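Have a look at the structure below before the remarks.
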Amino acid sequence: MMKNMTINHHLTDDLIMAYSAGTLAEAVSLAVATHISLCDECRANLESHEALGGAVLDSCGVETIGKSSLQSVLDRIHSAPERMSHLERPAQRRDARLPKPLEDYVPGGLDAIKWRPVGMGVRQAVLPTSSEATARLLYIPAGTAIPDHGHSGLELTLVLQGAFHDEDGYFRRGDIEVAHEDLQHTPVADISEDCICLAVTDAPLKFKGLLPRIAQPFVGI
Ligand code: ZN
Ligand code: ZN
């Protein structure tokens with residue numbers, strides 16, 4: 000699936016290392032796994048991090064590292080591929096727009112989602128993950144903007160359908176935008192097609208320059 004797709008916006012090394020170490024919140028991990036399932040470049044990067052982890056382990060030697068911590072490192076190294084293969088098991092109903100890591104979180108596919116309005120035609124569905132970070136699907140009608148906002152923490156936005164552009168570039172299916180506190184942006188969905196994104200945040204967004212009555216519906220994001 001999606002083998003010939005060109006992806007221009009990738010994960011950071013920090014995110015790939017933290018994913019490999021198993022230290023990310025479930026929602027963040029879900030966005031990373033979803034991008035990796037679509038991106039050969041980041042998958043190769045993850046594999047080289049995991050190979051490097053094994054080499055460091057060999058050079059430490061078993062005596063200095065101690066048996067139980069050796070086992071925990073091995074468990075961690077082995078858990079990433081297992082986590083992927085667990086997520087790659089076939090679902091009963093396949094939705095071609097849903098990458099495999101998302102299937103367990105969206106039973107029945109995108110058409111079965113109960114979208115909730117968040118203002119200006121934008122709709123969302125929060126996915127069931129642990130509470131340290133929030134994963135939501137956003138449905139942004141063609142040509143619609145998410146109001147100008149900043150970030151109190153990390154925001155990952157991965158395109159599943161359609162495309163959007165903002166101050167950082169143009170994002171199509173598979174592309175992931177990694178936004179930190181220093182980015183202020185106004186994502187706008189392409190005019191040609193409604194845009195569906197996986198958006199993960201570990202802190203609420205900060206909307207600026209909006210009338211309170213317009214900003215209010217977006218406060219839940
Ligand atoms: Zn990538
Ligand atoms: Zn943002």
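So the sequence shown is residues 0 to 220, counted in numbering that gives the first Met the number 0.
Backbone N, C-alpha and C define an ideal beta-carbon position, used for all residues, glycine too.
It should be emphasised that the depicted structure is a prediction, and the values quoted were computed from it without experimental measurement.
**OP:** Have a look at Met-119, Glu-154, Ala-95, Tyr-18 and flag the residue whose alpha-carbon is nearest the alpha-carbon of His-179.
**Re:** Glu-154
Original post:
What are the boundary residues of the beta strand (DSSP E) that Leu-153 is part of?
Top reply: First-last for Leu-153: undefined, no H or E at that position.
Subject >> C-alpha distance - Asn-44 paired with Ile-15, whole-angstrom precision >> reply: 8 Å
**OP:** Find the nearest neighbour of Leu-23 within the set Gln-183, Gln-123, Thr-128, Arg-135, judged by alpha-carbon distance.
**Re:** Thr-128
Original post:
Does the beta-carbon of Ser-28 have 16 or more other beta-carbons within 10 angstroms, so that it is buried, or is it exposed?
Top reply: buried
**OP:** Answer yes or no: do Asp-174 and Ala-141 have a C-beta to C-beta separation smaller than 8 Å?
**Re:** no
**OP:** Can you give me the Cβ contacts of His-8 inside the same chain, cut-off strictly under 7 Å, excluding the 5 residues immediately before and after it?
**Re:** Gly-168, Phe-170, Asp-174, Ile-175, Glu-176
Subject >> For Ala-162, the residue or residues it bridges with in DSSP >> reply: Arg-171
Original post:
For Leu-97, which residues of its own chain have a beta-carbon under 8 Å away from its beta-carbon, when the five flanking residues on both sides are left out?
Top reply: Val-105, Gly-108, Leu-109, Leu-159
Subject >> Reduced DSSP category for Arg-96 - H, G, I as helix; E, B as strand; rest coil >> reply: coil
Subject >> C-alpha gap between Thr-197 and Leu-101, whole angstroms >> reply: Residue 197 is actually Leu in this sequence, not Thr. Taking the straight line from one Cα to the other gives about 9 Å.
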